[in-house]
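Novice:
Protein chains in written order, with the working numbering: chain A, 128 to 840; chain B, 10 to 181.
1) Exposed or buried, which one is residue 803 (chain A) when buried takes at least 16 other CB atoms within 10 Å?
2) In this structure, what does DSSP give as the bridge partners for residue 695 (chain A)?
3) Taking any Cβ of chain B, which residues in the region 801-813 of chain A have a Cβ under 9 Å from it, in chain order?
4) Can you give me the C-alpha to C-alpha distance between residue 843 (chain A) and residue 534 (chain A), rounded to a whole angstrom?
5) Going along the chain, which residues of its own chain have a beta-carbon closer than 7 Å to the beta-carbon of residue 737 (chain A), five neighbours each way excluded?
6) Determine the closest residue to residue 544 (chain A) out of A:552, A:323, A:824 and A:528, with distance taken between C-alpha atoms.
7) Could you tell me whether any Cβ in chain C is nearer than 8 Å to the Cβ of residue 561 (chain A)?
8) If residue 697 (chain A) and residue 604 (chain A) are in contact, beta carbons under 8 Å, what's the gap, nearest whole angstrom?
9) Which word fits residue 129 (chain B), buried or exposed, when buried means at least 16 other C-beta atoms lie within 10 angstroms of its C-beta?
10) As an exercise, report each continuous alpha helix (DSSP H) stretch of at least 4 residues that is fully enclosed by the region 710-740 of chain A, in chain order.
11) Going straight from the alpha carbon of residue 835 (chain A) to that of residue 786 (chain A), what length do you get?
12) In angstroms, rounded to a whole number, what distance separates the CA positions of residue 325 (chain A) and residue 164 (chain A)?
13) Going by DSSP, name the residue or residues bridged to residue 629 (chain A).
14) Determine the direct distance from the alpha carbon of residue 119 (chain B) to that of residue 30 (chain B), and round the result to whole angstroms.
15) How is residue 155 (chain B) classed by DSSP in three states: helix, strand or coil?
16) With DSSP as the reference, identify every bridge partner of residue 454 (chain A), one or two as the case may be.
17) Evaluate contact between the region 69-80 of chain B and the region 767-774 of chain A, counting only Cβ atoms and requiring at least three cross-stretch pairs below 8 Å.
18) Quick one: Cα of residue 599 (chain A) to Cα of residue 554 (chain A), how far?
19) Along the region 97-128 of chain B, where does the CB come closer than 7 Å to a CB of chain A? Name the residues.
20) What number of angstroms, rounded off, separates the C-alpha of residue 838 (chain A) from the C-alpha of residue 770 (chain A)?
21) Buried or exposed for residue 335 (chain A), going by 16 or more other Cβ atoms inside 10 Å?
22) Between the region 457-466 of chain A and the region 483-499 of chain A, do at least 3 Cβ pairs fall closer than 8 Å?
23) Measure the CB-CB distance between residue 99 (chain B) and residue 85 (chain B) and report whether it falls below 8 Å.
24) Under 8 Å between beta-carbons, which chain A residues line up against residue 74 (chain B)? List them in chain order, please.
25) If you follow the alpha helix (DSSP H) that residue 168 (chain A) is part of, which residue opens it and which one closes it?
26) Just the Cα atoms here: how many angstroms apart are residue 638 (chain A) and residue 470 (chain A)?
27) Between residue 366 (chain A) and the rest of its own chain, which residues show a CB-CB distance below 7 Å, the 5 nearest in sequence each way excluded?
28) Any beta carbon of chain B sitting closer than 8 Å to that of residue 758 (chain A)?
29) Measure the CB-CB distance between residue 68 (chain B) and residue 825 (chain A) and report whether it falls below 8 Å.
30) Could you name each continuous beta strand (DSSP E) segment of 3 residues or more that falls completely within the region 520-575 of chain A, going from the start of the chain to the end?
31) Taking the alpha helix (DSSP H) that residue 312 (chain A) belongs to, which residues open and close that run?
32) According to a CB-to-CB cut-off of less than 8 Å, which residues of the region 150-167 of chain B neighbour chain A?
33) Would you kindly work out how many angstroms separate the C-alpha atoms of residue 629 (chain A) and residue 667 (chain A), rounded to a whole number?
34) Rounded to whole angstroms, what is the Cα-Cα separation between residue 810 (chain A) and residue 827 (chain A)?
35) The beta strand (DSSP E) that contains residue 340 (chain A), what's its start and end?
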């Protein structure tokens, strides 16, 4: 049995993390003034899914914890509790705590109980704070717990019907001999619970003071029930039809606005055992809640997560331990498209084989037609398969509202985060690798970029700073921008720092671009003081390295006092790139098209010799060094070593450095499928990866920054 | 693996045969564990990799995988031989820590498959510094010929093969 369940754990964790993300987003979206009940519903559903799932899989501590959250949310949903900033903070904290718990369980590590208990306590404090009127009722049901545990169960059976405005107050006082006639109140409560949401409170007034006089066959208990269901009085009457003569029953329709005082007891009914009962009982209660209906619960999980996920597609994939198998959620539309295309391929295949079977020159046209269709479909198929790996950048962006929310509180700055182009699709690998660099950049903007409110006002800027995260396509690249309206980069300060640290000579002449790029150097930080947010001068170095690993580049644009923009440009996919094939001697290499600025044939007199050995040429007012590919790759079969006879490809080394690459000849441009060289071999300086050409041979893809570095050695 | 088999043999006194693929490099005969052999192919032109030792011939496309080709003669300093239609590439695979690597090794010719009783495999004698025996796992005599059994793991250890290319990490 346990093995069977194990295989669903992964799905449960994935969905739970999605639910947590949905809760987080929902909580951050909550507007204190005008609370959108649908938003709370979304949060509630997410919490409920986690509770149901964790109960089913036997993660009782998670279920018990979520139950407390759910109670709090339930009260907010029904409007019985105000949505306060404090409550939202507590809930956000518990989202984090839940995430930690789930992470620990997923990694099969012990859950940090003390932290959980701490969070749970603050949750419970929050729960109690608004309901001080109910203090006196707290101790009553606990005594009774052992004798009649059924009410808890009945009370907790939650109807799937969402809150509805019709609330019935039912006062049910059975006569002593109710049980003798074979009637069971709990059964009736279950029946009521099927009609809608039911809260049950037990009334112990009828209990004899002296237990000696207690007749075990008699019923001394009475119940106050609150039924939230859109039903008529006769339906409730039906439930009590069998006991009509054996009890005192009052069924009253509650005025939706005025809440009678004693009803606060009812609202507490669900919560009370958790608050006062010892932990074991909490867990026991949680088990009772979830175990009787595991199938129903798991069905709910799937339904609800679809509701939550479909429009926004949230996931916490990145945060998971590296050990788990990666999976992607794919839009069914994309898969349907693929299936259609495969169908078309099959048709073309049969058409082609028919044309080939009894081949004559008459069939030539049909064959050509078939082949051209085959080509088109292959390309479409390729595109849609690549498309499966594409996920909206929102997977990365969605974590930022929380980050900005927390950091701005910590740094006491007012910041508004704008997200633009969240639905821009990027390859999954890019998404996974870009998220940490982006966090660095956003943190930097928050910490160093945006000024404190007083300073901003002094400068005549609006008090609230803004950070914009934007993603859009440009050519074959995706561009991600982090833009702030803070103080901008100070070129002079950067320059001084760099000279101080010996990174540049004090008389070095640098372009603006080169000065800005100094911030990407290891150990470079201009922050006067270190904060725990940023300022150690490690981050930007890592940012650049990560981006370069993805084959992308970073550009900085900044104006002092106005703000700065970091644009990250990344290839859309890591599996296929647009390449320019070139030859040197007998060998074919691919240069990524994104690295090529232009290509040109040299003329006599254009080439300048530097110290007898080096060569340079002037392009748009800039002297660029020439790298002879055959020299650094030791290619002996080179056609000609005369620069005039070959072609010079001007390439961009990502960090702003350009150079001319001398090759024999340019062949065609083509899309190439990237194959790893390291899988069976090792990494080679100047080579990023390999690809397979149309004739089945292998061509190496040049790593331009690596090549420039190699030539400098 | 080998030592486990040997141990098992000594305990149970049961003859355990391992199969080896034998091949020739010049006049010498070598063998590799047949379980590590993926396939045998004829030589086909490779794409040269710049700035690598001469024995690393280059890479080929093996059904979509980029597979390096190593000349075993040159690797063992046995001199060069012109490649012709009969030149053979033995494709070996080796798993280390869940990662399976594939490499091709150019040999003169493949001889046959021999079953060897693990007990009769001798440790290679010490030739001093004169002869490098780093790739040789043991010697065995089959039909009055000496077979040198190669250590596949060592064959796969090319210079810098486990280098992740992260040479800058010590800067921080």
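Built from N, CA and C at the ideal position, the CB exists for glycine as well. Note that the coordinates shown come from a computational prediction; the quantities given were computed from them, not determined experimentally.
Specialist: Reading off the structure:
1) exposed
2) A:607 and A:681
3) 802, 803, 804, 805, 806, 807, 808, 809, 810, 811, 812 and 813
4) Past the boundaries of the shown model lies residue 843 (chain A); chain A is included only from 128 to 840, so the question cannot be answered.
5) 743
6) A:528
7) Absent from the structure is chain C; the protein chains it does hold are A and B.
8) 6 Å
9) exposed
10) none
11) 8 Å
12) 20 Å
13) Answer is none; residue 629 (chain A) lacks a bridge partner.
14) 8 Å
15) strand
16) DSSP lists no partner for residue 454 (chain A).
17) no
18) 14 Å
19) 110, 111 and 112
20) 17 Å
21) exposed
22) no
23) no
24) 802, 806 and 807
25) 164-183
26) 56 Å
27) 315, 318 and 319
28) no
29) yes
30) 542-547 and 552-554
31) 312-322
32) 167
33) 18 Å
34) 12 Å
35) Taken as a continuous stretch (DSSP letters only), residue 340 (chain A) belongs to no beta strand (DSSP E), as it is neither H nor E.
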